[in-house]
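In this note's numbering, the protein residues as written are 44 to 377.
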Amino acid sequence: MTATTDNQRVTLPEHNRTGVSYRRPMPRAKVRGSVIDAHCHLLADRHADLFFQAADHYGIDLFFTMGPLDEALLLQRRWGHRLHFIAVPNWYRLTEPDVIDTWMRHLEAFYNLGSRIAKLHMAPGTIKRTGLTFESPGIRQIIADIRARGMIIMTHVGDPQLWYDGKYAQDPTYGTREHHYAMWEAMLEECRGTPWIGAHLGGNPEDLARLQSMLDRFPDLVLDLSATRWIIREVGARRDEMREFIIRNQNRLLWGSDQVSGDTRDWDFLASRWWAHRKLWETAYNDTTPIYDPDLPQDAQPRLHGLALPDQVIQKIYHDNAANLMQLVGVKIY
Numbered sequence: 044m045t046a047t048t049d050n051q052r053v054t055l056p057e058h059n060r061t062g063v064s065y066r067r068p069m070p071r072a073k074v075r076g077s078v079i080d081a082h083c084h085l086l087a088d089r090h091a092d093l094f095f096q097a098a099d100h101y102g103i104d105l106f107f108t109m110g111p112l113d114e115a116l117l118l119q120r121r122w123g124h125r126l127h128f129i130a131v132p133n134w135y136r137l138t139e140p141d142v143i144d145t146w147m148r149h150l151e152a153f154y155n156l157g158s159r160i161a162k163l164h165m166a167p168g169t170i171k172r173t174g175l176t177f178e179s180p181g182i183r184q185i186i187a188d189i190r191a192r193g194m195i196i197m198t199h200v201g202d203p204q205l206w207y208d209g210k211y212a213q214d215p216t217y218g219t220r221e222h223h224y225a226m227w228e229a230m231l232e233e234c235r236g237t238p239w240i241g242a243h244l245g246g247n248p249e250d251l252a253r254l255q256s257m258l259d260r261f262p263d264l265v266l267d268l269s270a271t272r273w274i275i276r277e278v279g280a281r282r283d284e285m286r287e288f289i290i291r292n293q294n295r296l297l298w299g300s301d302q303v304s305g306d307t308r309d310w311d312f313l314a315s316r317w318w319a320h321r322k323l324w325e326t327a328y329n330d331t332t333p334i335y336d337p338d339l340p341q342d343a344q345p346r347l348h349g350l351a352l353p354d355q356v357i358q359k360i361y362h363d364n365a366a367n368l369m370q371l372v373g374v375k376i377y
C-alpha cells in the first residue's frame, strides 16, 4: 500500500496503510479487574516476548489462546499466569486416518494443562478439507468427550458472507450457510446445559437477526467479538444496529481480538489489531481503517466506525462475562 506526501511516495505496510502511530500511549480501559482477550492465537514461545510487550502497551492482561500443544507446554512455564489454553487438535493432521484418536489425545493433554475450553473448527474450508461436520461420528465422539470433562465448547461456524457469495457459491463442496447453521443449531439443541462460545459473532455478523434468534433460543450460547478486518467491515456497515445489538446482549458477549502471532509479525503488526479493537468498541473513531481489507477493492476500503460503548458494557465484554463463564468450569479470574 502507498500514501503520497508533498514531496515523496512512502510505502506503508498493509497493517498500517494510513500511517497511524500505534506507539502513542492509550489510556487503560475503564475495567475493574483484568482485561481479557478471550480469543487469540499465540502460536509459539519464541513470539511471546513481543506479543506481551504489545499487549501491555494496550493494557491487556489475560488471554485465551490457541496454538500447537508442544508450544503450549513451553508457554506454560513462563507465561502460564497470563494464558488459558483452548484445546485444539493438530491442524496439520486433520486429514489423516487416525485424526479422532490423535485429537482425543490432544484434548487429554490440554485438559491436564488446565484447559477448560475446547475448539471445533467447523468453517466451510475445514469441512471441505476434512469431510468432518457436526454430523460425523468422530466429531460427535469428540463433543461427547468434551462434555464428559465438563469443558466449554468453542466453535468457528460460518465465514464472511462475501466468501459465501463468491468462492463458496462457485464450489458446492463448501456447502451452504443454511446447512452449516442447521447442523450447528441441532448440536446446540442436543447439548443444552453445556456452555458454548460462537466465535466471530457466531460467524455471521452480517445477520444480526440470526444471531439474536440463536441467543434467544439457546441460553448456553455466548458469542465472541473476535476477528479484526471482518468485524471492522461489518460493524462499519451497520454501526447503529450493531451498537444496539451489543448493548441489548451485553451479558452474552466476550471480547477477543483473534490476534495471531508469527515469525514475520512485528510489534506494529500486533499493535494494529489491539489498537483497532479498542478504537472500535471504546471510542467514536470514524475514519478509513488503517488495516487493509483484502476482501474489498483498494478504493472501497471500509471505515472503522467506533461504537463508543457505555462503560458498563465495556466492563462486561472485557472482563465480567469471560470471568463468569470460566467460573462455570471452576476457573477463577480476577
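Note that beta-carbon positions come from the ideal geometry of N, C-alpha and C, so glycine has one too.
Tell me which residues share the same chain as Arg75 and place their Cβ nearer than 8 Å to its Cβ, disregarding the 5 neighbours each side in the sequence.
Gln358 and His362
Which residue marks the beginning of the beta strand (DSSP E) containing Leu156, and which one marks its end?
Note, Leu156: premise wrong, no beta strand (DSSP E); not H, not E.
How big is the Cα-Cα spacing for Gln204 and Arg125?
34 Å
If you run the structure through DSSP and keep just helix, strand and coil, what is Gly241?
strand
Taking the straight line between their C-alpha atoms, what separation do you get for Gly246 and Phe288?
15 Å
From Arg120, Ile360 and Ile290, pick the residue whose C-alpha is nearest to that of Ser269; which is it?
Ile360
Let me confirm a value: Asn59 is counted as buried when at least 16 other C-beta atoms fall within 10 Å, else exposed. Which label applies?
It is buried - the Cβ of Asn59 has at least 16 other Cβ atoms within 10 Å.
Roughly how many angstroms lie between the CA atoms of Asp208 and Lys375, to the nearest whole one?
42 Å
If distances are taken between C-alpha atoms only, which option among Ser158, Gly168 and Arg316 comes closest to Phe94?
Arg316
Grouping DSSP H, G and I as helix and E and B as strand, with all else coil, what is Val372?
For Val372, the three-state secondary structure derived from DSSP is coil.
List the residues that DSSP assigns as beta-bridge partners of Thr94.
In the sequence on display, residue 94 carries Phe and not Thr. Partner(s): none; Phe94 has no beta bridge.
By alpha-carbon positions, which one of Met369, Gln344 and Ala365 ends up nearest to Glu57?
Among Met369, Gln344 and Ala365, the Cα nearest to that of Glu57 is on Gln344.
What residue range is occupied by the uninterrupted beta strand (DSSP E) comprising Phe261?
Per DSSP, Phe261 belongs to no beta strand (DSSP E) and is neither H nor E.
Ignore the nearest five residues each way along the sequence and tell me which others in Ala314's own chain have a CB closer than 6 Å to its CB.
Result list for Ala314: Tyr65 and Ala97, in chain order.
Give me the DSSP bridge partner(s) of Arg60.
DSSP, once it has assigned bridges, lists no residue as partnering Arg60.
Just the C-alpha distance for Ala161 and Gln370, rounded to the nearest angstrom, thanks.
16 Å
Taking all protein chains shown into account, decide if His243 is buried (16 or more other Cβ within 10 angstroms of its Cβ) or exposed.
buried
Specify, as a first and last residue, the run of the beta strand (DSSP E) that Leu231 falls within.
Not the beta strand (DSSP E): Leu231 falls in the alpha helix (DSSP H), residues Arg220 to Glu233.
In angstroms with no decimal places, state the Cα-to-Cα distance between Trp318 and Pro140.
42 Å
Mind checking which residues open and close the beta strand (DSSP E) that includes Arg346?
From DSSP, the beta strand (DSSP E) with Arg346 extends over Arg346 to His348.
Whole angstroms is fine: what's the gap from Asp49's alpha carbon to Arg346's?
Interpretation of Asp49 is limited by its pLDDT of 43, a score under 50 that renders its predicted location unreliable; no figure is taken from the coordinates.
Confirm, please, whether the CB-CB distance from Asp267 to Ala240 is below 7 Å.
The question names Ala, but residue 240 is Ile in the sequence shown. The answer is yes: Cβ separation under 7 Å.
For Ile79, which three-state DSSP category applies?
strand
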